[in-house]
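**Student:** If you read the sequence shown in full-length UniProt numbering, its first letter stands for residue 1, the second for the next number, and so on. Ideal placement from N, C-alpha and C gives every residue a C-beta, glycine not left out. None of the values given here were measured: they were computed from a predicted structure.
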Amino acid sequence: MARVKIQELTNLRADALSVTCPACFMQFDQKQALYARQGDNLNLPVLTYMELLALALGIEAEELNLKEHRVDPFPLLQKAGIINTPLPFNEEVLKRCLTCGACEYDCPSARTGVMSPQGVIKRFLNGEIEELINSPEIWECVECHTCLEYCPQRFGMEKVFTWLKHQAMVRDAYPNSLKSGYEMFLKTGRLAKIDDRQRQKVGLPPLSSQEPKQFVEKLR
Numbered sequence: 001m002a003r004v005k006i007q008e009l010t011n012l013r014a015d016a017l018s019v020t021c022p023a024c025f026m027q028f029d030q031k032q033a034l035y036a037r038q039g040d041n042l043n044l045p046v047l048t049y050m051e052l053l054a055l056a057l058g059i060e061a062e063e064l065n066l067k068e069h070r071v072d073p074f075p076l077l078q079k080a081g082i083i084n085t086p087l088p089f090n091e092e093v094l095k096r097c098l099t100c101g102a103c104e105y106d107c108p109s110a111r112t113g114v115m116s117p118q119g120v121i122k123r124f125l126n127g128e129i130e131e132l133i134n135s136p137e138i139w140e141c142v143e144c145h146t147c148l149e150y151c152p153q154r155f156g157m158e159k160v161f162t163w164l165k166h167q168a169m170v171r172d173a174y175p176n177s178l179k180s181g182y183e184m185f186l187k188t189g190r191l192a193k194i195d196d197r198q199r200q201k202v203g204l205p206p207l208s209s210q211e212p213k214q215f216v217e218k219l220r
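1) Using the rule of at least 16 other Cβ atoms within 10 Å of the residue's Cβ for burial, across every protein chain shown, is Leu71 buried or exposed?
2) On a Cα-Cα basis, can you pick out the residue from Pro22, Thr112, Leu191 and Phe28 that is closest to Ser177?
3) How many Å lie between Glu62 and Lys31 at the Cα?
4) Between Glu158 and Glu143, which are expected to be in contact by the criterion C-beta below 8 Å, what is the C-beta distance as a whole number of angstroms?
5) Quick one: give me the first and last residue of the alpha helix (DSSP H) that Val4 is part of.
6) Between Asp106 and Phe124, what straight-line distance do the alpha-carbon atoms span, to the nearest angstrom?
7) If you scan the segment 23 to 57 from start to end, which runs of the alpha helix (DSSP H) of 4 or more residues do you find wholly inside it?
8) Counting pairs of Cβ atoms below 8 Å between the segment 187 to 202 and the segment 155 to 169, do you hit three or more?
9) Does the separation of the CB atoms of Asn134 and Ala168 fall below 9 Å?
10) Which of the three DSSP states is assigned to residue 224 in this structure?
11) Closest by CA to Cys141, which one among Ala56, Leu76 and Arg111?
12) In terms of residue numbering, what span does the alpha helix (DSSP H) encompassing Leu17 cover?
13) Pull up the CB-CB distance for Asp15 and Leu76, whole angstroms please, since I reckon it's below 8 Å.
14) Should Leu44 and Ile6 be called a contact, given that it needs their Cβ atoms to be closer than 9 Å?
15) Could you spell out the range, first to last residue, of the alpha helix (DSSP H) harbouring Asn176?
16) Does the beta-carbon distance from Val19 to Thr48 come in below 9 Å?
17) Give me the Cα-Cα distance between Met184 and Tyr174, rounded to the nearest whole angstrom.
18) Relative to the C-alpha of Val46, which candidate in Asp40, Lys67 and Gln38 has its C-alpha closest?
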């Protein structure tokens, strides 16, 4: 019954499930870990009414021991603005990165003119975090590590782009093209359809439809 209810809520795109009964919390939160081991893709945060009330009264999430939940509620709380998203970068390092610019003219995306890495760092320092998370500009970084190779402080501004992309994923704010690719990978184990005729031209055998699915199951 718990699996059915969680699946129904997931299909309805519910953000979370709130319960008042401790036994219900254990049933819906802890059993999801069991269902995951059985192959179900269920990841619905479960919060008790008392936890929500405590957060509303200003009690820190760490004090409530929310890290013990089997389904991590922190991405949801960050998305809702209930807790602040921690910034994992030293401000002085970012300032040096902004004034340096050693990698600006070697960045493939910057050279095409589609975005300015230093412009993103400047906006980051100015506190425009939410705007950047929802900006298509951050997805222009291909994470090629060129900036890291040229960085005199071994920082590499790609770290900022990677972090922003992760926050966008948490908030379900990433591009539809990536969503479709991600869904295809979960379903088939591939990011694109395989052309067996092209494989035949170069002497490669057809791929089994089961091989990618087995790979995806191992990842889960």
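**Tutor:** On the basis of the data shown:
1) What sits at residue 71 in the sequence shown is Val, not Leu. So Val71 counts as buried.
2) Leu191
3) Whole-angstrom Cα-Cα distance: 23 Å.
4) 5 Å
5) Ala2 to Asn11
6) 21 Å
7) Listed in chain order, the complete alpha helix (DSSP H) runs (minimum 4 residues) inside the segment 23 to 57 are 31 to 37 and 49 to 56.
8) No: the two stretches stay apart, fewer than three of their Cβ pairs being nearer than 8 Å.
9) yes
10) With the chain covering only 1 through 220, there is no way to say anything about residue 224.
11) Arg111
12) Premise fails: Leu17 lies in the beta strand (DSSP E), Leu17 to Val19, not in any alpha helix (DSSP H).
13) Going by Cβ atoms, the distance from Asp15 to Leu76 rounds to 6 Å, so yes, they are a contact pair.
14) yes
15) Looking at the DSSP string, the run of the alpha helix (DSSP H) that includes Asn176 is Asn176 to Thr188.
16) In this structure, Thr48 lies closer than 9 Å to Val19 by Cβ.
17) 15 Å
18) Ranking Asp40, Lys67 and Gln38 by Cα distance to Val46 puts Lys67 first.
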